[in-house]
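Using our numbering, the final residue of the sequence shown is 525, and nothing's skipped along the way.
Some notes on the structure that comes next.
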Amino acid sequence: SMKSLLPESVQRRKKMGFTFPFELWMRGALRPEIEPVLLSKTEQLDGLVSQKAVEEVWNDFLARKISWSRPWALYVLKSWLNKNLS
């Protein structure tokens with residue numbers, strides 16, 4: 440047990456959430472990985488999502504108009520399609 444090592448205030452406090460800094464990563468270290476995937480055409484998406492729309496989402500993210508979740512979802516989808524259906 441950790442009771443003897445942790446102060447009472449830590450033992451009794453409510454759970455705290457934790458979020459990963461996706462926005463910082465996507466603007467920084469992950470940008471060289473994400474940007475080429477989003478800006479290149481993915482044939483499997485033809486008729487479902489236009490490449491122009493994907494590029495607009497990325498540009499809106501870079502302009503701080505939208506959060507990280509939409510471009511991240513498109514990145515994951517396009518990466519999966521490129522890996523599994525190419």
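Virtual Cβ for every residue (Gly too), placed ideally from N, Cα, C.
Can you give, in chain order, each stretch of the alpha helix (DSSP H) that sits fully within the stretch 466 to 494 and has at least 4 residues? Here the runs fully enclosed are 470 to 478.
Residue range of the unbroken alpha helix (DSSP H) whose run includes P510: S508 to N523 is the extent of the alpha helix (DSSP H) around P510.
Span of the alpha helix (DSSP H), counted from its first residue to its last, around S443: That residue, S443, is in no alpha helix (DSSP H); it is neither H nor E in DSSP.
Taking F461 and W511 to be in contact with their CB atoms under 8 Å, please state how far apart those CB atoms are, rounded to whole angstroms. Sure, about 6 Å apart at Cβ, within 8 Å.
Do you know offhand how far S448's Cα is from M441's? Their Cα atoms are separated by approximately 13 Å.
State the Cα-Cα distance for the pair W497 and S525, rounded to the nearest angstrom. Separation of W497 and S525 (C-alpha to C-alpha, rounded to the nearest whole angstrom) is 23 Å.
Whole angstroms is fine: what's the gap from F500's alpha carbon to S508's? Cα to Cα, F500 sits roughly 9 Å from S508.
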